[in-house]
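Visitor: Residue numbers (the numbering used here): 314 to 845. Note that beta-carbon positions come from the ideal geometry of N, C-alpha and C, so glycine has one too.
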Ligand SMILES: [Zn+2]
């Protein structure tokens, strides 16, 4: 059992993480992520493999100029190719040229690999590891030795695997990292084998786990429990195949559940934003179900859950979400009870006189709208308008009384759409037309054109996202569609929904809600400014 409270965090998002399918980072993106990881307090940042591609070489050139406050930069590479030519090995030279304070170097620890892919005898492989580590160590660098395929190699031949670790130790490695490169080991094996290795080695031991059996985080925690003091992983678990151990889960588990100290533990309230930042630069939609940092991690839908967390959030939350920079969400759906409505009313600062009676009636209304195809999970602005209307605190600011859309497809492939609208605001009617690259675009432009005279601020609104979902697919073109529109004004974003048999009508409903919501918010803030 490991009593040492300190665990070193080694991030390989920029190296193993970029080996994920469909992920590519520019050199500048890598620099940005390096700075973010440094700010977060990561101990080591593995920036890339300078011997494998010119992009990583260029990254290290740029990274030399960075002033890092907390992290040590680390270049990654393999042992030399020939035990007789270690000093002149191109890969080792490139590692040194990166001028990083730390170097991670991997060597073969499974005979299958040393024999089959390198064609080396056991003694030659051992010699190669020893000499490569020794050569780099003699240049004054901190050496992190990655024992590639260690757990598979150990299961194949314990003596061979241990001999290779001993070679790295004798070479002067500062830490020996046991790698579950193929990601197929189970937590109990990792615990037992790590514990055994600690008895045989005098240098600190680390863990590098892949997620092929969905065990990377569990295996990492087990290795720490057995005595490992250095943990490798990536932000959001990006990595080769099924990924690496996810540091967004490893760090809070070590800190909050196992009582360990890590350098980033003090910045854990930045974890959720770090996770989103990396997703953003990797052009990946955030995983809403991610533990700790996902949007769903503290989202409550079932009525009983919501009524309990209103009393005490510990009833359905394993930690306080703010500790990892996340927050509680409550969503409204046909599974909702009155508690969800009360929670939302509280969140919106609304007072309800007879809240039980109101909630009952309003839940009934939501349920029948959801039956028709509406969904308010992703359309909080429409939900707010609906609730305010039910409380007699909101009436739409305008009414569209006439809509005509013309769409033209020319034989040359040009598409053209024109929308004509009549919009009533108070006693006045505005008659407008606008064209666009499609019917929804034309509609959106015509609607704003009609309203801008009355509400000039709506000029700032822009459409961020537009999603269409066919609801009952079996009916073919008679099926209903649900349109979700996300709008923004440069400061805030809000989402609205519309449902109809007709895609244009559903879009118009969602656009109406979006503009009404913005006008309502403006008026509320003006009233607030007048009274305060
Ligand atoms: Zn790996």
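1. Quick check on the burial criterion: 16 or more other C-beta atoms within 10 angstroms. Buried or exposed for residue 699?
2. Using 8 Å for Cβ pairs, my map puts residue 832 next to residue 576. What's the rounded Cβ distance?
3. How big is the Cα-Cα spacing for residue 421 and residue 405?
4. For residue 722 and residue 804, I'd like the C-alpha separation in whole angstroms.
5. Taking the alpha helix (DSSP H) that residue 620 falls in, what are its first and last residues?
6. Out of 665, 616 and 630, point me to the one whose CA is closest to residue 651's CA.
7. Tell me whether the beta-carbon of residue 360 lies closer than 8 Å to the beta-carbon of residue 386.
8. In the structure shown, what three-state DSSP assignment does residue 806 receive?
9. Beta-carbon separation of residue 490 and residue 520 under 8 Å?
10. Given residue 400, which residues of its chain have a CB within under 8 Å of its CB, disregarding the five upstream and five downstream residues?
11. Counting C-beta neighbours from all protein chains within 10 Å, is the total for residue 758 16 or more, i.e. buried, or is it exposed?
12. Can you have a look at residue 355 and say buried or exposed, based on whether 16 or more other CB atoms are within 10 angstroms of its CB?
13. Would a C-beta distance cut-off of 8 Å place residue 368 and residue 340 closer than the cut-off?
14. Can you tell me whether residue 512 is buried or exposed, with buried defined as 16 or more other CB within 10 angstroms of its CB?
15. For ligand 1, is there any heavy atom lying closer than 7 Å to the beta carbon of residue 557?
16. Tell me the rounded alpha-carbon separation between residue 514 and residue 628.
17. If distances are taken between C-alpha atoms only, which option among 495, 579 and 675 comes closest to residue 554?
18. State yes or no: is the C-beta of residue 494 nearer than 7 Å to some heavy atom of ligand 1?
19. Can at least three beta-carbon pairs, one atom from the region 752-768 and one from the region 712-719, be found at a separation below 8 Å?
20. Go ahead and label residue 571 buried or exposed: buried means 16 or more other beta carbons lie within 10 angstroms of its beta carbon, across all protein chains shown.
21. For a test of your reading of the model: does the CB of residue 552 fall under 7 Å from any non-hydrogen atom of ligand 1? Yes or no.
22. Ligand 1 and residue 589: does the residue's C-beta get closer than 7 Å to at least one heavy atom of that ligand?
Guide: The short version:
1. By the neighbour-count rule (16 or more Cβ atoms within 10 Å), residue 699 is buried.
2. Not confirmed; about 48 Å, so no contact.
3. Rounded to the nearest angstrom, the two C-alpha atoms are 16 Å apart.
4. Distance between the alpha carbons of residue 722 and residue 804: 37 Å.
5. Its alpha helix (DSSP H) spans residues 616-624.
6. Considering only alpha carbons, the answer is 616.
7. Going by C-beta atoms, residue 360 is nearer than 8 Å to residue 386.
8. Residue 806 falls in the strand class under three-state DSSP.
9. Cβ distance < 8 Å, so residue 490 and residue 520 count as in contact.
10. Excluding its 5 nearest sequence neighbours in each direction, residue 400 has C-beta neighbours in its own chain below 8 Å: 448, listed in chain order.
11. With 16 or more Cβ atoms within 10 Å of its Cβ, residue 758 is classed as buried.
12. Looking at its Cβ environment, which holds 16 or more other Cβ atoms inside 10 Å, residue 355 is buried.
13. Less than 8 Å separates the beta-carbon of residue 368 from that of residue 340.
14. Exposed.
15. Yes.
16. When rounded, the distance between both Cα atoms is 45 Å.
17. Comparing Cα positions, the closest option is 495.
18. Residue 494 Cβ: within cutoff of ligand 1.
19. With the cut-off at 8 Å, the region 752-768 and the region 712-719 touch.
20. Residue 571 is exposed by the Cβ-count criterion.
21. Because some heavy atom of ligand 1 lies under 7 Å away, the Cβ of residue 552 counts as near it: yes.
22. The answer is no for residue 589.
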